[in-house]
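Numbering (this note's numbering), first residue to last: 339 to 552.
Below you'll find the structure, written out as C-alpha cells, and then a few comments.
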C-alpha cells in the first residue's frame, strides 16, 4: 500500500479514535489538518473528499473513506493483527455495542457543530453548553460503566486494548476537558487510564498532534 493519509483535527474525538487504531496496528500514516473552529472542513476541496464536511477521512490507494466506525472496521479487516475485536462472534457484538454507545449516543450530541448550534440558534451560554455536555456523557457513561465492569479485565473489554478502548479514551478526554464528574465510573476510568498509558494511545493524544494548539 502507498501512503495512507488521515484527514482530521487534533481535538476531534472521531479522528482520535482512528489515530489510536492505526497506532495499535503499527500502520504508518500522514496527517492533513482541518481546523474545525474556523470552518476549514467546509472548503470546497475538502468537501470533494467528505461531502458532509466532517472529519476524519482516510485516503489510501484511491480509496476515500469517511465516518470513523467504517474506517475502524476497514482498518481491522485490512490489518487483522493485532486484532481490535475478539475472535468470538458474540463477544464481537458486545464490543460493537459498547463502541456504538459512545459513537452513536454520546459523541454526536457533543459534536462541535451541535455545540455551535446551541449557542447560535438557541442562545445557550457556556454554562448551559457545559451542562448539556455533562448530561449526555454522564447518562452514557452510567450504562457503559456496567458493561466495562462486566466484561473488562483491565481494559474496556477483556485483557488487551481493542475497539472499545479506541472509543472510550477519546470520550474520556472530552469529559475531562468539560470537567464532567467521573467519580461514579471507577471501572470505566480505570480501563481508560490503563489504555492511555500505552505508547499507541500516548502518540494519538490530541496534545501531541502536529496541529495542536501550543
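Glycine included, each C-beta is placed from N, C-alpha and C at the ideal position.
Asked                                                                                                                             : Found
DSSP bridge partner residues for residue 396 (one or two, in chain order)                                                         : 344 and 403
Cβ contact (3+ pairs, closer than 8 Å) linking the stretch 489-504 and the stretch 521-534                                        : yes
Rounded straight-line distance, which links the Cα of residue 435 to that of residue 460                                          : 32 Å
Residue closest to residue 358, alpha-carbon to alpha-carbon, out of 406, 402 and 372                                             : 406
Sequence-distant residues of its chain with Cβ nearer than 7 Å to residue 409 (five each side left out)                           : 356, 394, 396 and 403
Where the alpha helix (DSSP H) through residue 472 begins and ends                                                                : 464-489
Minimum C-alpha distance to residue 476 - residue among 501, 526, 423 and 384                                                     : 526
Segment contact, 8 Å Cβ cut-off, at least three pairs: the stretch 443-458 with the stretch 412-428                               : no
Distance, residue 360 Cα to residue 352 Cα                                                                                        : 13 Å
CB contact flag (residue 439, residue 478, <7 Å)                                                                                  : yes
CB of residue 507 within 7 Å of CB of residue 472, strictly                                                                       : no
Buried/exposed call for residue 362, threshold 16 Cβ in 10 Å                                                                      : buried
The alpha helix (DSSP H) enclosing residue 452, as first and last residue numbers                                                 : 450-460
DSSP-derived helix/strand/coil call for residue 496                                                                               : strand
Beta-carbon contacts of residue 450 that lie in its chain and below 6 Å, excluding the five residues immediately before and after : 374
Minimum length 4: unbroken alpha helix (DSSP H) runs contained in the stretch 413-446                                             : 427-438
Limits of the unbroken alpha helix (DSSP H) element including residue 507                                                         : 501-515
7 Å Cβ cutoff met for residue 386 and residue 368                                                                                 : no
Neighbourhood of residue 412 by C-beta, 7 Å cutoff - its chain only, sequence neighbours within 5 removed                         : 403
Residue 371, enclosing beta strand (DSSP E) - first and last residue                                                              : 368-371
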